[in-house]
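Peer 1:
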Amino acid sequence: MAGYVGNAPLPQATQTRDLITATAGQTTFPTGGYTPQFLDVYLNGILLVNGTDYTAGNGSDVVLSVGASAGDIVSVIAYSTFEVANVSGGGMFKGDNGTVGSRAGDIFRINEQTLNTNTTIGSAENSSCTGPLTVASGVTLTVDGNLTVI
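To convert a position in the sequence shown, counted from 1, into the working numbering, add 231.
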């Protein structure tokens, strides 16, 4: 099977993996680097719990709470963070989680009231927004499909 066709998407890697074979009693495992809270750590294929089974806060080492046995395999999967550039409008969620973000469990979707980017709703598309909706001066909203303002 052929690889990706077209321009390679960026970022090309969203995760890195370190596989380390432990020595008897080893607790500290150096990694290729990570952002704290953006990693998963496995011991012999079992997912460990941050703060209980291990700590990882300095961006380079993972420290197990209990020493590993000789030959145990520690897998560290570090996830890259990224931000989508040039996005405006979008929406955020608020509610049960008590924070602004996009986590499951939030109830309210927060929308801007003014459209600041030329936008076309295609003939095969349905869209909706909560009102009031204002289209900024010099901006064009073209509706070939369906738009419902609630």
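Glycine included, each C-beta is placed from N, C-alpha and C at the ideal position.
The model shown is predicted, which means the values in this text are computed figures rather than measured ones.
1) Would you check if there are 3 or more beta carbon pairs closer than 8 Å linking the stretch 280–289 to the stretch 246–253?
2) Secondary structure at Q257, three-state DSSP: helix, strand or coil?
3) Give the DSSP bridge partners of I381, in chain order.
4) Please list, in chain order, all residues of the same chain as I381 whose beta carbon is under 8 Å from its beta carbon, the five residues on each side excluded.
5) Measuring CA to CA, which of T345, T379 and V293 is closest to L364?
6) Does N289 come out as helix, strand or coil in the three-state DSSP assignment?
Peer 2: Let's see:
1) no
2) If you number the sequence shown from 1, residue 257 lands on position 26. Correct three-state label for Q257: coil.
3) Numbered from 1 along the sequence shown, position 150 holds the residue referred to as residue 381. According to DSSP, I381 bridges with nothing at all.
4) For the purposes of this step, residue 381 is identified with residue 150 of the sequence shown, where counting begins at 1. If we look at I381 and ignore the five residues flanking it on each side, its Cβ neighbours are S359, C360, T361 and G362.
5) As a first step, residue 364 must be located in the sequence shown, where it is residue number 133. The residue with the shortest Cα to Cα distance from L364 is T345.
6) For the purposes of this step, residue 289 is taken as residue 58 along the sequence shown, with counting starting at 1. In this structure, N289 counts as coil in the three-state DSSP scheme.
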